[in-house]
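Asker: Before I ask anything, here is the structure I am working with.
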RNA sequence: GGGCGCAUAGCUCAGUUGGCUAGAGCGCAUGCUUCACACGCAUGAGGUCACAGGUUCAAGUCCUGUUGCGCCCACCA
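In structure tokens form, the structure reads like this:
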């Protein structure tokens, strides 16, 4: 392989084929090595692979490779999150259908087909970038095992009284016509009008109320005023006529009213916002539902009935204007909550939903967050901040089709809940099972299946359980991924969803954390430091193009140039730099092969020179630094240190200093040559391992060509991470090295000033050097002469010079 | 309004627990086909570390405040 020019296409294919053939990255279930398990994010099969995926997955993957080389038995599964609304939306878009307008089983089938197609593309991408997952552990959140474990999780929570069914005003999306969770909300700036409306009092007089949502007037059930409001005394208890409606409402006091906002008097509708929901519950108000599930006005809206809310708003404003109730209008910027998937404004609809209790365990959840080590540290604070701000229990039911069914039936007589026995799981279709029970509450025998499906997060929050094969019949043979898992990699945007929900579930099931460490990535930013968003379509590159154009290793190099947790500006330069590193390694390896072809490392008897020891010491330093960095997921820093060692120390200095010895095949030079070859062998062997987690393809080729034959490992990914122990005599040798470099640099500078080719030999160079390095020179003089192409090097100590200083006195070109 | 982060060379970024003249890559300048590599090599220019205080023998690093930018949450009368 190590022939000709560096060709990433050939290298990538060759290495990936090798790993595939070998099963290099399979988890070893029989090994007694300690397990390092990674709770890989199952990406949503949403149809588009984006640059952010490559970014964060590569970062975690680098750690998997590192841990494997450190001797850990790495459990590195891969998964796909293909159930739920995202897949439904993708299917609807791709096939131009609407799930609720076609037979459910047909739609579900179409969803399965659609996700299968995209899954293949996903897997191909991950393989093409060298993800070292064990693909035999692949799971998908809609496969039977995942459904079974998800349903088991639900039943476990239900049995522990952590789940409840409740009818109450719930966050509702009118486009997909389902309940949604707090974590799925986004805020959106909206230009709208603030309308001052006149409400006439029943007993005469009037008040002014400001609103952005006049279409909710039919749902107005009360008017609130702050108890300290100057008008409170005269208004409290009075009734006001709701404009254009035939009902009136009472004026009530509540200190949640802000006297500074609007007119200081506010109407309460069921339901315009979260406060309305609170007031409705607190003051036991009537329920007047003005908006239906599909976002259209209900019959009580009179002339506006059947219109969508925004149409109704325009219509009723016109009527309010005509009737003289509209006193003033003002353009304002408003913030509204929208559903992240559709961008539609959230409504509050009283519906019956399943909830998982989270509000009652906020403190415990904070505590669990503190038990997990977050990298970087401040991501733990973001988790905490989210938990502390929770307002709703976790609504897990969705009025949708393609998802994990609730394994429950309701009694037709009294709505009592029947839960599927364990042996029924997974309940894929309720019709596959017949409930023969008699209802313990009412004696009824007719049972109605729950038609809702679970929120997709209700399943993906069980990924540690899926990996562990919790409660599965074959768990014993697979019980190799212990809980808690070692590490959770993910990006910061899903701390409030995936990380949070997973912690909730783990607590409910096991009263423990799901993983010991969390590695949280930042985002890729588009040029101009702007957020990449699907709607803007401003992704700077397509992942497949990146790999095709730059190769897998250069693409990885780009992703690994970031600092964990920081957002990272997309930068083409990184790819070029990655490519350069690969080319450099390729060429250094070719040089090495020329000198190591017939080399037997184990037969070396020659003593190393000080620079041979020094370069080994510098390698050991680099191993230590890189190890410390990778242990805390600072891949970028590790990469920098390794690269610097490879490029500056090894290529620019060491190789130049040993070339003379390498090319000297005279009998006199045999020992010197052998020591140089041993040095070259050791250090290249070491650095290629250090680089392997970053650029696994090119390093695999080098490893196979030069080092595999003498190594136990079949692939570099299984080879041992180098030792950090410095060789004997390191300290002295390093000082000798520094002295050599000081002289070399002086000569190089002179050459550059004289505009002389570095290749042009010099017959004699005379330098004065500081006393502290003077006595070191004899030990490295030959090496310096070799690298500087000097036949003679005269060195004179000069106590007038500063520590480490070197002055060039004379340099002579050979006489022609 | 609450939480968090960022501010270092023209650009993109490193700078662990405070410790010598603040680093890298790109870009720029000068030179070099040198027997692995011009996808290279050598040399060089370039920074009041956002601002103002404070702690310390010593601050880019710690503390307080200010300004600007970004993210999350709340606000949705």
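Residue numbers (the working numbering): 2 to 817. Positions of the beta carbon are idealized from the N, C-alpha and C atoms, including for glycine.
Going by DSSP, what residue range makes up the beta strand (DSSP E) through residue 37?
Answerer: Per DSSP, residue 37 belongs to the beta strand (DSSP E) from 36–38.
Asker: Taking C-alpha atoms, which residue in 695, 693, 655 lies nearest to residue 677?
Answerer: It is 655.
Asker: For a quick check, are the C-beta atoms of residue 401 and residue 179 less than 8 Å apart?
Answerer: In contact: residue 401 and residue 179 (Cβ atoms closer than 8 Å).
Asker: Between the segment 608–628 and the segment 736–745, do at least 3 Cβ pairs fall closer than 8 Å?
Answerer: Contact between the segment 608–628 and the segment 736–745 is present, because at least three Cβ pairs lie under 8 Å.
Asker: Give me, in chain order, the residues of the same chain whose beta-carbon lies closer than 6 Å to that of residue 469; leave out the 5 immediate sequence neighbours on both sides.
Answerer: For residue 469, where only same-chain residues beyond five positions count, the Cβ hits under 6 Å are 482, 484.
Asker: Assign residue 165 to one of two classes, buried (16 or more other C-beta atoms within 10 Å of its C-beta) or exposed (fewer than that).
Answerer: With fewer than 16 other Cβ atoms within 10 Å, it is exposed.
Asker: Please determine, among 67, 57, 134, 106, the residue with the shortest C-alpha to C-alpha distance to residue 80.
Answerer: Ranking 67, 57, 134, 106 by Cα distance to residue 80 puts 134 first.
Asker: Take every Cβ of the segment 758–775, pair it with every Cβ of the segment 796–805, and state whether three or more of those distances are shorter than 8 Å.
Answerer: Touching, yes.
Asker: With three or more beta-carbon pairs closer than 8 Å as the criterion, would you say the segment 151–161 touches the segment 504–519?
Answerer: With the cut-off at 8 Å, the segment 151–161 and the segment 504–519 touch.
Asker: Does DSSP classify residue 244 as helix, strand or coil?
Answerer: In this structure, residue 244 counts as coil in the three-state DSSP scheme.
Asker: From this set, 476, 747, 590, 521, which residue's C-alpha is nearest residue 378's C-alpha?
Answerer: Selected option, being the one with the closest Cα: 521.
Asker: According to DSSP, is residue 196 part of a helix, a strand, or is it coil?
Answerer: Strand, per DSSP.
Asker: Within 10 angstroms of its Cβ, does residue 640 collect 16 or more other Cβ (buried), or is it exposed?
Answerer: The residue is buried, with at least 16 neighbouring Cβ atoms inside 10 Å.
Asker: Apply the 10 Å Cβ neighbour rule to residue 147 and answer buried if 16 or more other Cβ atoms are within range, or exposed otherwise.
Answerer: With 16 or more Cβ atoms within 10 Å of its Cβ, residue 147 is classed as buried.
Asker: Going by Cα to Cα distance, which pick from 34, 122, 97, 121 is closest to residue 111?
Answerer: Nearest C-alpha to residue 111: 97.
Asker: To the nearest angstrom, how far is the alpha carbon of residue 51 from that of residue 553?
Answerer: Cα to Cα, residue 51 sits roughly 15 Å from residue 553.
Asker: Just to check my reading of the structure: residue 397 and residue 347 have Cβ atoms closer than 8 Å, yes? What is that Cβ distance to the nearest angstrom?
Answerer: With a Cβ gap of about 17 Å, residue 397 and residue 347 do not count as contacting.
Asker: Just reading off the alpha helix (DSSP H) that residue 465 is part of, what are its end residues?
Answerer: First-last of the alpha helix (DSSP H) with residue 465: 464–469.
Asker: By the three-class DSSP mapping on this structure, what secondary structure does residue 309 have?
Answerer: The answer is strand: DSSP assigns residue 309 an E or B state.
Asker: Can you give me the Cβ contacts of residue 32 inside the same chain, cut-off strictly under 7 Å, excluding the 5 residues immediately before and after it?
Answerer: Excluding positions up to five away in sequence, the list reads 74.
Asker: With a Cβ-Cβ cutoff of 8 Å, do residue 372 and residue 389 count as a contact?
Answerer: Not a contact, by the Cβ cut-off of 8 Å.
Asker: Please state whether DSSP places residue 26 in a helix, a strand or coil.
Answerer: The answer is coil: DSSP assigns residue 26 none of H, G, I, E or B.
Asker: Looking only at DSSP bridge pairs, what is residue 398 linked to?
Answerer: For residue 398, which the question treats as bridged, DSSP gives the partners 455.
Asker: Which residue comes first and which comes last in the beta strand (DSSP E) that contains residue 490?
Answerer: Unbroken beta strand (DSSP E) run through residue 490: 486–492.
Asker: Using a 10 Å radius around the Cβ and a threshold of 16 neighbouring Cβ atoms, would you call residue 211 buried or exposed?
Answerer: Looking at its Cβ environment, which holds 16 or more other Cβ atoms inside 10 Å, residue 211 is buried.
Asker: Starting from residue 547, follow the alpha helix (DSSP H) in both directions and report where the run begins and ends.
Answerer: Per DSSP, residue 547 belongs to the alpha helix (DSSP H) from 544–551.
Asker: Can you find the residues in the same chain that come closer than 6 Å, C-beta to C-beta, to residue 385, ignoring five residues on each side of it along the sequence?
Answerer: So the qualifying residues of the chain are 367, 370.
Asker: Could you spell out where the beta strand (DSSP E) holding residue 1 opens and where it closes?
Answerer: In this structure the chain extends from 2 to 817, so residue 1 is not present and cannot be described.
Asker: Report the CB separation of residue 224 from residue 232 in whole angstroms; it is logged as a contact under 8 Å.
Answerer: That belief does not hold up - the Cβ atoms of residue 224 and residue 232 are roughly 12 Å apart, past 8 Å.
Asker: Can you confirm whether the segment 307–326 touches the segment 254–261 when touching is taken to mean that 3 or more C-beta pairs between the two stretches lie within less than 8 Å?
Answerer: With the cut-off at 8 Å, the segment 254–261 and the segment 307–326 do not touch.
Asker: Need the endpoints of the alpha helix (DSSP H) that residue 58 sits in, please.
Answerer: Per DSSP, residue 58 belongs to the alpha helix (DSSP H) from 52–70.
Asker: Less than 6 Å between C-beta atoms, sequence neighbours within five positions excluded: which residues of the same chain meet that for residue 354?
Answerer: These residues qualify, in order along the chain: 171, 180, 396, 398.
Asker: Thinking C-beta only, is residue 427 closer than 8 Å to residue 633?
Answerer: Not a contact, by the Cβ cut-off of 8 Å.
Asker: Give me, in chain order, the residues of the same chain whose beta-carbon lies closer than 7 Å to that of residue 29; leave out the 5 immediate sequence neighbours on both sides.
Answerer: So the qualifying residues of the chain are 74.
Asker: With DSSP run on the structure shown, which of helix, strand or coil describes residue 127?
Answerer: The answer is helix: DSSP assigns residue 127 an H, G or I state.
Asker: If residue 594 and residue 707 are in contact, beta carbons under 8 Å, what's the gap, nearest whole angstrom?
Answerer: Rounded, the Cβ-Cβ distance is 6 Å, consistent with contact.
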